[in-house]
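Here the structure is laid out as C-alpha coordinates; the discussion comes afterwards.
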Amino acid sequence: MLYIFDLGNVIVDIDFNRVLGAWSDLSRVPLASLKQSFTMGEAFCQHERGELTDEAFAEALCQQMALPLSYEQFSHGWQAIFVGLRPEVIAIMHRLREQGHRVVVLSNTNRLHTTFWPEEYPEIRGAADKIYLSQDLGMRKPEARIYQHVLQAEGFSPDETRFFDDNADNIAGAERLGIPGILVKDKTTVPDYFAKRLC
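The sequence shown: position 90 = 90 (UniProt numbering), numbered continuously.
This is the structure we're talking about:
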(Lines of atoms letter the chains of each structure in order from A and count residues from 1; the text may use other names and numbers.)
(Lines give C-alpha, C1' and ligand atoms only; values in the text may rest on other atoms or scores of the structure.)
Protein backbone atom coordinates (compact mmCIF):
# COMPACT_ATOMS: atom_id res chain seq x y z
CA MET A 1 0.00 0.00 0.00
CA LEU A 2 1.10 3.58 -0.73
CA TYR A 3 0.40 6.11 2.01
CA ILE A 4 0.61 9.79 1.00
CA PHE A 5 0.79 12.35 3.79
CA ASP A 6 0.44 16.10 3.45
CA LEU A 7 2.85 18.14 5.56
CA GLY A 8 1.05 21.10 7.17
CA ASN A 9 -1.48 20.22 9.87
CA VAL A 10 -0.94 16.53 9.14
CA ILE A 11 2.72 15.91 10.12
CA VAL A 12 3.57 19.41 11.37
CA ASP A 13 1.23 21.86 13.07
CA ILE A 14 1.06 25.17 11.23
CA ASP A 15 -0.78 28.39 12.01
CA PHE A 16 -0.94 31.19 9.45
CA ASN A 17 -2.09 33.65 12.11
CA ARG A 18 1.43 33.47 13.53
CA VAL A 19 2.79 34.77 10.20
CA LEU A 20 0.38 37.69 10.15
CA GLY A 21 1.13 38.39 13.80
CA ALA A 22 4.87 38.52 13.15
CA TRP A 23 4.38 40.80 10.13
CA SER A 24 2.10 43.05 12.19
CA ASP A 25 4.72 43.33 14.95
CA LEU A 26 7.48 44.11 12.45
CA SER A 27 5.49 46.60 10.35
CA ARG A 28 3.13 48.10 12.95
CA VAL A 29 0.28 47.44 10.51
CA PRO A 30 -2.75 46.32 12.60
CA LEU A 31 -3.31 42.54 12.58
CA ALA A 32 -6.99 43.01 11.70
CA SER A 33 -6.17 44.84 8.46
CA LEU A 34 -3.57 42.20 7.50
CA LYS A 35 -6.16 39.45 8.01
CA GLN A 36 -8.50 41.39 5.76
CA SER A 37 -6.00 42.05 2.97
CA PHE A 38 -4.29 38.62 2.82
CA THR A 39 -5.54 36.20 0.16
CA MET A 40 -4.01 33.06 -1.30
CA GLY A 41 -4.17 34.46 -4.82
CA GLU A 42 -2.28 33.78 -8.04
CA ALA A 43 1.10 34.88 -6.65
CA PHE A 44 0.68 32.35 -3.84
CA CYS A 45 -0.06 29.54 -6.32
CA GLN A 46 2.80 30.56 -8.62
CA HIS A 47 5.22 30.60 -5.68
CA GLU A 48 4.15 27.08 -4.68
CA ARG A 49 4.74 25.87 -8.24
CA GLY A 50 8.20 27.42 -8.24
CA GLU A 51 7.19 29.89 -10.95
CA LEU A 52 7.89 32.93 -8.75
CA THR A 53 11.10 33.61 -6.83
CA ASP A 54 10.95 34.15 -3.08
CA GLU A 55 11.89 37.81 -3.59
CA ALA A 56 9.19 38.39 -6.22
CA PHE A 57 6.63 36.66 -4.01
CA ALA A 58 7.59 38.80 -1.01
CA GLU A 59 7.31 41.92 -3.14
CA ALA A 60 3.89 40.90 -4.51
CA LEU A 61 2.47 40.15 -1.06
CA CYS A 62 3.91 43.29 0.54
CA GLN A 63 2.37 45.32 -2.27
CA GLN A 64 -0.98 43.54 -1.95
CA MET A 65 -1.11 44.06 1.81
CA ALA A 66 0.58 47.49 1.94
CA LEU A 67 3.29 45.97 4.15
CA PRO A 68 6.44 48.09 4.59
CA LEU A 69 8.78 45.14 5.23
CA SER A 70 12.28 44.31 4.06
CA TYR A 71 12.79 40.89 2.46
CA GLU A 72 14.53 39.70 5.66
CA GLN A 73 11.59 40.81 7.80
CA PHE A 74 9.12 39.18 5.41
CA SER A 75 11.10 35.91 5.51
CA HIS A 76 11.31 35.94 9.30
CA GLY A 77 7.53 36.27 9.55
CA TRP A 78 6.93 33.67 6.82
CA GLN A 79 8.77 31.00 8.84
CA ALA A 80 6.63 31.71 11.93
CA ILE A 81 3.94 29.48 10.39
CA PHE A 82 5.55 26.34 11.86
CA VAL A 83 4.35 25.41 15.35
CA GLY A 84 5.74 21.93 15.98
CA LEU A 85 5.98 18.31 14.91
CA ARG A 86 3.24 15.71 15.47
CA PRO A 87 5.39 12.88 16.87
CA GLU A 88 2.47 10.44 16.87
CA VAL A 89 2.22 10.74 13.06
CA ILE A 90 5.99 10.30 12.65
CA ALA A 91 5.71 7.09 14.73
CA ILE A 92 2.87 5.82 12.50
CA MET A 93 4.90 6.53 9.35
CA HIS A 94 7.81 4.51 10.74
CA ARG A 95 5.52 1.59 11.63
CA LEU A 96 3.95 1.58 8.16
CA ARG A 97 7.39 1.36 6.57
CA GLU A 98 8.41 -1.41 8.96
CA GLN A 99 5.37 -3.37 7.77
CA GLY A 100 6.50 -3.01 4.14
CA HIS A 101 4.28 -0.14 3.03
CA ARG A 102 5.52 2.81 0.98
CA VAL A 103 5.24 6.16 2.78
CA VAL A 104 5.64 9.52 1.01
CA VAL A 105 5.01 13.18 1.73
CA LEU A 106 3.20 15.37 -0.83
CA SER A 107 3.18 19.05 0.08
CA ASN A 108 2.22 22.36 -1.47
CA THR A 109 5.15 24.39 -0.23
CA ASN A 110 7.78 26.86 -1.45
CA ARG A 111 11.55 27.29 -1.44
CA LEU A 112 11.42 29.80 1.38
CA HIS A 113 9.81 27.26 3.70
CA THR A 114 12.18 24.51 2.60
CA THR A 115 15.09 26.57 3.91
CA PHE A 116 13.51 26.05 7.33
CA TRP A 117 11.49 22.90 8.02
CA PRO A 118 13.87 20.15 6.76
CA GLU A 119 16.53 21.34 9.21
CA GLU A 120 14.07 22.16 11.98
CA TYR A 121 12.27 18.79 11.68
CA PRO A 122 14.75 16.20 10.32
CA GLU A 123 12.40 13.50 11.65
CA ILE A 124 10.16 14.04 8.60
CA ARG A 125 12.80 12.98 6.08
CA GLY A 126 13.70 10.09 8.35
CA ALA A 127 10.09 8.82 8.38
CA ALA A 128 9.35 9.09 4.64
CA ASP A 129 10.55 7.03 1.69
CA LYS A 130 10.31 10.12 -0.53
CA ILE A 131 9.20 13.74 -0.29
CA TYR A 132 7.35 15.35 -3.20
CA LEU A 133 7.22 19.16 -3.09
CA SER A 134 5.09 21.36 -5.31
CA GLN A 135 7.84 23.85 -6.12
CA ASP A 136 10.14 21.05 -7.34
CA LEU A 137 7.41 19.48 -9.49
CA GLY A 138 6.03 22.71 -10.99
CA MET A 139 2.50 21.68 -10.03
CA ARG A 140 0.39 21.80 -6.88
CA LYS A 141 -2.59 20.11 -5.24
CA PRO A 142 -5.44 19.81 -6.16
CA GLU A 143 -4.24 19.65 -9.79
CA ALA A 144 -4.81 16.11 -11.11
CA ARG A 145 -1.33 15.92 -12.65
CA ILE A 146 0.46 16.09 -9.29
CA TYR A 147 -1.36 13.02 -7.97
CA GLN A 148 -0.81 11.22 -11.29
CA HIS A 149 2.90 12.05 -11.07
CA VAL A 150 3.22 10.51 -7.59
CA LEU A 151 1.27 7.36 -8.54
CA GLN A 152 3.39 6.87 -11.66
CA ALA A 153 6.67 7.52 -9.84
CA GLU A 154 5.73 5.14 -7.03
CA GLY A 155 4.16 2.45 -9.23
CA PHE A 156 0.85 2.18 -7.38
CA SER A 157 -2.75 2.30 -8.59
CA PRO A 158 -5.28 4.68 -6.98
CA ASP A 159 -7.03 1.87 -5.09
CA GLU A 160 -3.70 0.80 -3.57
CA THR A 161 -3.23 4.30 -2.16
CA ARG A 162 -4.46 6.31 0.84
CA PHE A 163 -4.09 10.10 0.96
CA PHE A 164 -4.14 12.25 4.12
CA ASP A 165 -4.61 16.03 3.81
CA ASP A 166 -6.17 18.82 5.90
CA ASN A 167 -7.61 20.59 2.83
CA ALA A 168 -10.98 19.38 1.51
CA ASP A 169 -10.20 20.61 -2.03
CA ASN A 170 -7.02 18.52 -2.10
CA ILE A 171 -8.93 15.46 -0.91
CA ALA A 172 -11.58 16.03 -3.59
CA GLY A 173 -8.84 16.36 -6.25
CA ALA A 174 -7.38 13.01 -5.26
CA GLU A 175 -10.76 11.29 -5.04
CA ARG A 176 -11.64 12.41 -8.58
CA LEU A 177 -8.77 10.14 -9.67
CA GLY A 178 -10.02 7.28 -7.51
CA ILE A 179 -7.54 7.80 -4.64
CA PRO A 180 -9.30 7.30 -1.29
CA GLY A 181 -8.74 10.39 0.83
CA ILE A 182 -8.88 11.00 4.57
CA LEU A 183 -9.58 14.60 5.60
CA VAL A 184 -7.39 15.42 8.61
CA LYS A 185 -9.53 17.62 10.85
CA ASP A 186 -7.32 17.64 13.95
CA LYS A 187 -4.47 15.82 15.72
CA THR A 188 -6.64 12.76 16.44
CA THR A 189 -7.61 11.96 12.81
CA VAL A 190 -4.47 10.06 11.75
CA PRO A 191 -3.94 8.12 15.03
CA ASP A 192 -7.65 7.22 15.12
CA TYR A 193 -7.56 5.99 11.50
CA PHE A 194 -4.65 3.66 12.21
CA ALA A 195 -5.70 2.59 15.73
CA LYS A 196 -7.30 -0.63 14.45
CA ARG A 197 -5.25 -0.95 11.27
CA LEU A 198 -1.76 -1.10 12.80
CA CYS A 199 -0.94 -3.96 15.15
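We put the beta carbon where it would ideally sit given N, CA and C, even for glycine.
Cβ shell of residue i (< 6 Å), same chain only, five flanking positions each side left out
i: Ala-174; result: Tyr-147, Phe-163, Gly-181
i: Gln-73; result: Leu-26
i: Ser-194; result: Before going further, note that residue 194 is Phe rather than Ser in the sequence given. These residues qualify, in order along the chain: Ile-92.
i: Phe-116; result: Gln-79
Pair within 8 Å by beta-carbon distance, residue i and residue j
i: Arg-49; j: Gln-135; result: yes
i: Val-83; j: Asp-166; result: no
i: Leu-187; j: Arg-95; result: The residue asked about is misnamed: residue 187 is Lys in this sequence, not Leu. Not closer than 8 Å, so no.
i: Tyr-132; j: Val-89; result: no
i: Asn-110; j: His-149; result: no
i: Val-19; j: Ala-80; result: yes
i: Leu-31; j: Ser-37; result: no
i: Val-10; j: Val-184; result: yes
i: Asp-54; j: Leu-106; result: no
i: Leu-61; j: Ala-43; result: yes
Residue i, enclosing beta strand (DSSP E) - first and last residue
i: Lys-130; result: 130 to 133
i: Phe-164; result: 161 to 165
i: Leu-177; result: Neither: Leu-177 is in no beta strand (DSSP E) and is coded neither H nor E.
DSSP-derived helix/strand/coil call for residue i
i: Val-150; result: helix
i: Ser-107; result: strand
i: Asp-169; result: helix
i: Gly-41; result: coil
i: Phe-5; result: strand
i: Gly-126; result: helix
i: Val-12; result: strand
Other residues of its chain near residue i: CB distance less than 8 Å, five sequence neighbours each side excluded
i: Arg-102; result: Met-1, Leu-2, Tyr-3, Asp-129, Glu-154, Phe-156
i: Thr-39; result: Gln-64
i: Leu-198; result: Ile-92, Arg-95, Leu-96, Gln-99
i: Cys-45; result: Arg-140
Bounding residues of the alpha helix (DSSP H) (the contiguous stretch that carries residue i)
i: Tyr-193; result: 189 to 194
i: Leu-118; result: Note that residue 118 is Pro in the sequence shown here, rather than Leu. Here the alpha helix (DSSP H) through Pro-118 covers 117 to 120.
Own chain, CB closer than 7 Å to residue i, minus 5 neighbours either side, in chain order
i: Ile-179; result: Tyr-147, Pro-158, Thr-161, Phe-163
i: Leu-34; result: Leu-20, Trp-23, Ser-24, Met-65
i: Gly-77; result: Val-19, Ala-22, Trp-23, Leu-26
Residue i CB to nearest heavy atom of the ligand MN below 7 Å
i: Ser-75; result: Among the ligands in the structure shown, none appear at all, so the ligand MN cannot be discussed.
Practice task
Output the residue ranges of the beta strand (DSSP E) runs that lie fully inside the segment 50 to 101 and measure 3 residues or longer, sorted by chain position.
Solution key: Those beta strand (DSSP E) runs which fall completely within the segment 50 to 101 and span 3+ residues are 82 to 85.
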